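First up is the structure itself, then whatever we jot down about it.
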Amino acid sequence: MADQPPLSLYVPEPAVRPGDTPDFSNVIIPKAGSVDRPPVDADPESIRDLAFSIIRVLNRKGEAVGPWSGLLTPDELLEGLKHMMTLRAFDARMQTAQRQGKTSFYMQHMGEEAVSCAFRQALEPGDMNFPTYRQAGLLIAGGYPMVDMMNQIYSNEADPLKGRQLPIMYSSKEHGFFSISGNLGTQFVQAVGWAMASAISKDTRVAAGWIGDGSTAESDFHAALVFASTYHAPVVLNIVNNQWAISTFQGIARGGSGTFAARGLGFGIPSLRVDGNDYLAVHAVAKWAVERARRNLGPTLVEYVTYRVGAHSTSDDPSAYRPKAESDAWPLGDPVLRLKNHLIKLGAWSDERHTQAEAEILDTVIAAQKEAEKHGTLHSGGKPSTRDMFEGVYEEMPPHLRRQRQQAGV
Amino acid sequence: MPRMTMIEAIRDALDVSMGRDEGVVVFGEDVGYFGGVFRCTAGLQQKYGRTRCFDAPISELGIVGTAIGMAAYGLKPCVEVQFADYVYPAYDQIVSEAARLRYRSNGQFTCPMVIRMPTGGGIFGGQTHSQSPEALFTHVSGLKVVEPSNPVDAKGLLIAAIEDPDPVIFLEPKRLYNGPFDGHHDRPITPWSKHALGEVEAGHYTVPLGKASVRREGSALTVLTYGTMVYVAEAAAEETGIDAEIIDLRTLLPLDLDTITASVKKTGRCVVVHEATLTSGFGAELAALVQQHCFYNLEAPIARVTGWDTPYPHAQEWEYFPGPARLGEAMREAMEA
Numbered sequence: 001m002a003d004q005p006p007l008s009l010y011v012p013e014p015a016v017r018p019g020d021t022p023d024f025s026n027v028i029i030p031k032a033g034s035v036d037r038p039p040v041d042a043d044p045e046s047i048r049d050l051a052f053s054i055i056r057v058l059n060r061k062g063e064a065v066g067p068w069s070g071l072l073t074p075d076e077l078l079e080g081l082k083h084m085m086t087l088r089a090f091d092a093r094m095q096t097a098q099r100q101g102k103t104s105f106y107m108q109h110m111g112e113e114a115v116s117c118a119f120r121q122a123l124e125p126g127d128m129n130f131p132t133y134r135q136a137g138l139l140i141a142g143g144y145p146m147v148d149m150m151n152q153i154y155s156n157e158a159d160p161l162k163g164r165q166l167p168i169m170y171s172s173k174e175h176g177f178f179s180i181s182g183n184l185g186t187q188f189v190q191a192v193g194w195a196m197a198s199a200i201s202k203d204t205r206v207a208a209g210w211i212g213d214g215s216t217a218e219s220d221f222h223a224a225l226v227f228a229s230t231y232h233a234p235v236v237l238n239i240v241n242n243q244w245a246i247s248t249f250q251g252i253a254r255g256g257s258g259t260f261a262a263r264g265l266g267f268g269i270p271s272l273r274v275d276g277n278d279y280l281a282v283h284a285v286a287k288w289a290v291e292r293a294r295r296n297l298g299p300t301l302v303e304y305v306t307y308r309v310g311a312h313s314t315s316d317d318p319s320a321y322r323p324k325a326e327s328d329a330w331p332l333g334d335p336v337l338r339l340k341n342h343l344i345k346l347g348a349w350s351d352e353r354h355t356q357a358e359a360e361i362l363d364t365v366i367a368a369q370k371e372a373e374k375h376g377t378l379h380s381g382g383k384p385s386t387r388d389m390f391e392g393v394y395e396e397m398p399p400h401l402r403r404q405r406q407q408a409g410v
Numbered sequence: 411m412p413r414m415t416m417i418e419a420i421r422d423a424l425d426v427s428m429g430r431d432e433g434v435v436v437f438g439e440d441v442g443y444f445g446g447v448f449r450c451t452a453g454l455q456q457k458y459g460r461t462r463c464f465d466a467p468i469s470e471l472g473i474v475g476t477a478i479g480m481a482a483y484g485l486k487p488c489v490e491v492q493f494a495d496y497v498y499p500a501y502d503q504i505v506s507e508a509a510r511l512r513y514r515s516n517g518q519f520t521c522p523m524v525i526r527m528p529t530g531g532g533i534f535g536g537q538t539h540s541q542s543p544e545a546l547f548t549h550v551s552g553l554k555v556v557e558p559s560n561p562v563d564a565k566g567l568l569i570a571a572i573e574d575p576d577p578v579i580f581l582e583p584k585r586l587y588n589g590p591f592d593g594h595h596d597r598p599i600t601p602w603s604k605h606a607l608g609e610v611e612a613g614h615y616t617v618p619l620g621k622a623s624v625r626r627e628g629s630a631l632t633v634l635t636y637g638t639m640v641y642v643a644e645a646a647a648e649e650t651g652i653d654a655e656i657i658d659l660r661t662l663l664p665l666d667l668d669t670i671t672a673s674v675k676k677t678g679r680c681v682v683v684h685e686a687t688l689t690s691g692f693g694a695e696l697a698a699l700v701q702q703h704c705f706y707n708l709e710a711p712i713a714r715v716t717g718w719d720t721p722y723p724h725a726q727e728w729e730y731f732p733g734p735a736r737l738g739e740a741m742r743e744a745m746e747a
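Chains as they are written, first to last, in my numbering: chain R, 1 to 410; chain B, 411 to 747.
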């Protein structure tokens, strides 16, 4: 093989970097309404194309079109809009609170609000989400009190988690929201186990697992798909593809695969891609997938195509690795604006009412924040006790922890 | 009273637990139809059906990860990892998830599950079928770590582990499955059917977690050990003629410190023995606790007899394995110090 050139390693790079002009020409956006809506019991083999397209409902004119439209009333849509607006206002306040030193860390949802807010509306009471740290819309839309979220973020004396967990790693069994680990990917396979348990117990409740594009590279993702596929677990497996895993573009985790959704096809799992910035499309696909699970038809893999407009966290600065104006160039737009325009088109909303609602929502968020801050923030006011630190490692405190607690003087 | 091997005692514990509680589910590699490579789950699928005892894909991460989800749902999964040597792909799920779920959710979600795994060597299993990874689990807040040494304890401890509200790592010394192996690999072992601890009570009973057992009373020296090494210690005591008190810890976490300190305060000498490697092994924790709590009673340095700090070898199994000769030598040194 003397005439063969030596090997060379291929390392993928995003099309553009800071200073370049944003370019999403490689993101093929099908027309709204153009993707079929198969019956939920369709043969997975017959719907493979859904893993490569993007299901969209809202068109550029703000109209809801095609077979995935028509599921929500204007009132329900308005409620969804308010959930997203609330999440955005909540994020802005908490982001600022972190900058003011009231907590150590925060992660916002800017641009991804539709994914968790709309998905939540497809679930029934008792269903269980296994979320990542960017699905707080599940709590907001699920009616979890904002003040409790803030108490957790502040790790104050009223923190439902007693100051033990990093900010935003919420947990609420009552609201179908499994404790967020903070380790990536681990919850995906747990969701499958929860769903298997529901089936073993002849229950009717279903589970939803959540993972980011970057974390699909974890073995947990693969294990989750194997188990979900093998045991036909009643679970919806959600991949939120927001294009960026901290500074790493999605091509690094995706590799040679066409799409993240396509990973499900090898497992025989129906796999769909959906416009993650389209509230109606997210809800419609979630409904379809949840119904499949509920009817014991097995798992569904859904890839939400969206864009992380903000930084990964308060410890991150995206201007170091992507063009500053990239979010403006994102072809799927802003989920809040798109739903607002649709409601205006329906005659159910107006710019004036939107501005007024923004002000009202901000007032509600500020009121919750004031209430939470009465209980303290990370470095001032009331905080969980040192005793709380020792509690709850086990149901019953073993002797060695009791000795250590005494040693700590509590 | 029925005579059982340790395998039969474990199977009986699973059977009793599954019979009493519909939430107990058993799964793992080869665990369902075939009944496990060591036969610990034989017959359970036939008796309780495929949804309560089933085969799993070869994914320890998946087995433990799904079991955590099931436990959070409210079931009581008791999963098998075919060899302790295979548990590492599940380590993140055990350490970051199972162990911390109760704590981080302030008790909203809990993880009542058992992860069973055959541990230890002595079967010419080489580095992939012989390891003793207990210290990797005793270092983790939120776990309980159990290692029985006989059929009676194995059954009672496993039922207690399944009924425990927190995650339990249940290590089964595979060299003891069929009889009390004392390290004399050139001699036939006594089968459990001829040993008092092979007489296993029928039906439901528990051996409480966190309680050690004094296996041989003595006044000269305390041997702290667990699993296979209990019998190695018995042989060493007999062969050296040293009146050793042998403590079978049974549960490593939480540890029965009271039984340990009472014994060392009485004997004034302490040898720690385990099959796992030396450095940062569980023996280091035991030695530290003994010196902290019994310092003024000690007549000799605390000795540790363990596997060498090498990977578990194949051909050199008996040079690696801390048998009665090596332990006896350490006991004599402790007596002479």
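Each residue gets a CB set at the ideal place from its N, CA and C atoms; glycine is no exception.
This structure is a prediction, so every number in the text was calculated from the model and none was measured.
- Tell me residue 554(B)'s beta-bridge partners as DSSP assigns them. Within the second sequence, residue 554(B) is the residue found at index 144, counting from 1. Paired residue(s): 578(B).
- Item | Contact residues within the region 662 to 680 of chain B, judged by C-beta distance below 9 Å to chain R | Cβ contacts with chain R: 663, 664, 665, 666, 667, 668.
- residue 504(B) versus residue 474(B): straight-line alpha-carbon distance, rounded: Numbered from 1 along the second sequence, position 94 holds the residue referred to as residue 504(B). Numbered from 1 along the second sequence, position 64 holds the residue referred to as residue 474(B). When rounded, the separation of the alpha-carbon atoms in residue 504(B) and residue 474(B) is 7 Å.
- Residues in its own chain within less than 8 Å of residue 283(R) by CB, not counting five upstream and five downstream? Here residue 283(R) refers to the residue found at position 283 when the first sequence is read from its first residue. Sequence-distant Cβ neighbours of residue 283(R) in its own chain, meaning closer than 8 Å and more than five residues away, are 71, 72, 80, 118, 119, 121, 122.
- Message: With a threshold of 7 Å between beta carbons, is residue 480(B) in contact with chain R?
- Response: For this step, residue 480(B) is matched to residue 70 along the second sequence. Among the residues facing chain R, residue 480(B) is included, as its CB has a counterpart in that chain under 7 Å away.
- Query: Is the Cβ of residue 495(B) closer than 7 Å to any Cβ of chain R?
  - Reply: Mapped onto the second sequence, residue 495(B) falls at position 85. Taking Cβ atoms only, chain R never reaches closer than 7 Å to residue 495(B), which makes this a no.
- What's the gap between the Cα of residue 551(B) and the Cα of residue 347(R)? In the second sequence, the residue the question calls residue 551(B) occupies position 141. In the first sequence, the residue the question calls residue 347(R) occupies position 347. If I take the Cα positions, the gap works out to 58 Å.
- Task: Enumerate in chain order the residues of its own chain whose CB-to-CB distance from residue 84(R) is below 8 Å, with the five nearest sequence positions on each side excluded.
- Result: To locate residue 84(R), count along the first sequence from 1; it is residue 84. The answer, listed in chain order, is 113, 114, 117, 137, 279, 335, 336, 339.
- Message: For a contact defined as C-beta to C-beta under 8 Å, what are the partners of residue 196(R) on chain B?
- Response: For the purposes of this step, residue 196(R) is taken as residue 196 along the first sequence, with counting starting at 1. Within chain B, the residues near residue 196(R) are 476, 479, 480.
- Would you mind working out which of 582(B), 601(B), 414(B) sits nearest residue 528(B), comparing C-alpha positions? Position 118 of the second sequence, counting from 1, holds the residue named residue 528(B). Nearest C-alpha to residue 528(B): 582(B).
- Item | Which of helix, strand or coil DSSP assigns to residue 521(B) | By one-based count along the second sequence, residue 521(B) stands at place 111. Residue 521(B): coil per DSSP, three-state reduction.
- Between the beta-carbon of residue 297(R) and the beta-carbon of residue 41(R), is there less than 7 Å? Within the first sequence, numbered from 1, the residue matching residue 297(R) stands at position 297. Within the first sequence, numbered from 1, the residue matching residue 41(R) stands at position 41. In this structure, residue 41(R) lies closer than 7 Å to residue 297(R) by Cβ.
- Message: Less than 7 Å between the beta carbons of residue 290(R) and residue 302(R), yes or no?
- Response: The residue labelled residue 290(R) in the question sits at position 290 within the first sequence. The residue labelled residue 302(R) in the question sits at position 302 within the first sequence. At the C-beta level, residue 290(R) and residue 302(R) stay beyond 7 Å of one another.
- Give, in chain order, every residue of the region 515 to 530 of chain B whose Cβ lies closer than 7 Å to some Cβ of chain R. Here the close residues are 515, 516, 517, 518, 519.
- Any C-beta of chain R sitting closer than 7 Å to the C-beta of residue 461(B)? Reading the second sequence from its first residue, position 51 is the one you call residue 461(B). Taking 7 Å as the CB threshold, residue 461(B) lines the interface with chain R.
- Three-pair Cβ contact test at 8 Å for the region 538 to 555 of chain B versus the region 193 to 200 of chain R: No, they do not touch.
- Message: Quick check on residue 346(R): does DSSP put it in helix, strand or coil?
- Response: Numbered from its first residue, the first sequence carries residue 346(R) at position 346. Here residue 346(R) carries a coil assignment [DSSP, helix/strand/coil].
- Straight-line gap, residue 411(R) to residue 683(B) (C-alpha atoms, nearest Å): With chain R covering 1 to 410 only, the question about residue 411(R) has no answer from this structure.
- Query: Under 7 Å between the Cβ atoms of residue 491(B) and residue 507(B)?
  - Reply: The residue given as residue 491(B) occupies position 81 in the second sequence. The residue given as residue 507(B) occupies position 97 in the second sequence. Between residue 491(B) and residue 507(B), the gap from beta carbon to beta carbon reaches 7 Å or more.
- On the three-pair Cβ rule with 8 Å, is the region 55 to 72 of chain R touching the region 354 to 368 of chain R? Verdict: no, contact absent.
- Does any C-beta atom of chain R lie closer than 7 Å to the C-beta of residue 695(B)? Within the second sequence, the letter at position 285 stands for residue 695(B). Chain R, which has no Cβ nearer than 7 Å to the Cβ of residue 695(B), makes this no.
- Touch check for the region 595 to 603 of chain B and the region 412 to 424 of chain B: three-plus C-beta pairs under 8 Å? Touching, yes.
- Item | Residues that DSSP places opposite residue 238(R) in a beta bridge | Counting from one through the first sequence, the residue named residue 238(R) turns up at place 238. Answer by DSSP bridge pairing, in chain order: 210(R), 302(R).
- Query: How about residue 220(R) and residue 267(R): are their beta carbons less than 7 Å apart?
  - Reply: Within the first sequence, residue 220(R) is the residue found at index 220, counting from 1. Within the first sequence, residue 267(R) is the residue found at index 267, counting from 1. Pairing residue 220(R) with residue 267(R) gives a Cβ-Cβ distance that is not under 7 Å.
- Message: Quick check on the burial criterion: 16 or more other C-beta atoms within 10 angstroms. Buried or exposed for residue 218(R)?
- Response: As a working mapping, residue 218(R) is identified with position 218 in the first sequence. Residue 218(R) counts as buried, since no fewer than 16 other beta carbons sit within 10 angstroms of its beta carbon.
- Identify every residue that forms a DSSP beta bridge with residue 177(R). Locating residue 177(R) in the first sequence gives position 177, counting from the first residue. DSSP output for residue 177(R) lists 129(R), 172(R) as bridge partner(s).
- Message: Taking 8 Å as the cut-off, does the region 239 to 258 of chain R touch the region 154 to 167 of chain R (at least 3 CB pairs, one atom from each stretch)?
- Response: No: the two stretches stay apart, fewer than three of their Cβ pairs being nearer than 8 Å.
- Task: Measure how close the beta-carbons of residue 277(R) and residue 343(R) come, nearest whole angstrom, since I'm counting them as under 8 Å.
- Result: As a working note, residue 277(R) is residue 277 in the first sequence. As a working note, residue 343(R) is residue 343 in the first sequence. Between residue 343(R) and residue 277(R) the Cβ distance is about 15 Å, and since that is not below 8 Å, they are no contact.
- Task: Using a Cβ-Cβ cut-off of less than 7 Å, list which residues of the region 427 to 441 of chain B approach chain R; keep chain order.
- Result: For the region 427 to 441 of chain B, the residues whose beta carbon sits under 7 Å from a beta carbon of chain R are, in order, 435.
- Mind checking if residue 512(B) is an interface residue toward chain R, Cβ cutoff 7 Å exclusive? Looking up residue 512(B) in the second sequence gives position 102. Residue 512(B) has a beta carbon lying within less than 7 Å of a beta carbon in chain R.
- Item | is_contact[residue 270(R), chain B] using C-beta, thresh 7 Å | As a working note, residue 270(R) is residue 270 in the first sequence. Not closer than 7 Å to any Cβ of chain B, the Cβ of residue 270(R) fails to qualify, so no.
- Task: Just tell me which of 92(R), 21(R), 212(R) has its CA closest to the CA of residue 362(R).
- Result: For this step, residue 362(R) is matched to residue 362 along the first sequence. Residue nearest to residue 362(R) within the set 92(R), 21(R), 212(R) is 92(R) (criterion: CA-CA distance).
- Message: Residues in the same chain with beta-carbon distance under 7 Å from residue 468(B), minus the five sequence neighbours each way, listed in chain order, please.
- Response: For this step, residue 468(B) is matched to residue 58 along the second sequence. Hits under 7 Å: 439.
- Query: Is any beta-carbon of chain B found at less than 7 Å from that of residue 264(R)?
  - Reply: For the purposes of this step, residue 264(R) is taken as the residue at position 264 of the first sequence. Not a single CB atom of chain B sits nearer than 7 Å to the CB of residue 264(R).
- Contacting residues, own chain, Cβ-Cβ under 7 Å from residue 309(R) (five flanking each side not counted): Numbered from 1 along the first sequence, position 309 holds the residue referred to as residue 309(R). Excluding its 5 nearest sequence neighbours in each direction, residue 309(R) has C-beta neighbours in its own chain below 7 Å: 110, 111, 327, listed in chain order.
- Message: Counting only C-beta atoms, is residue 37(R) closer than 7 Å to chain B at any point?
- Response: As a working note, residue 37(R) is residue 37 in the first sequence. By this cut-off, residue 37(R) is not an interface position.
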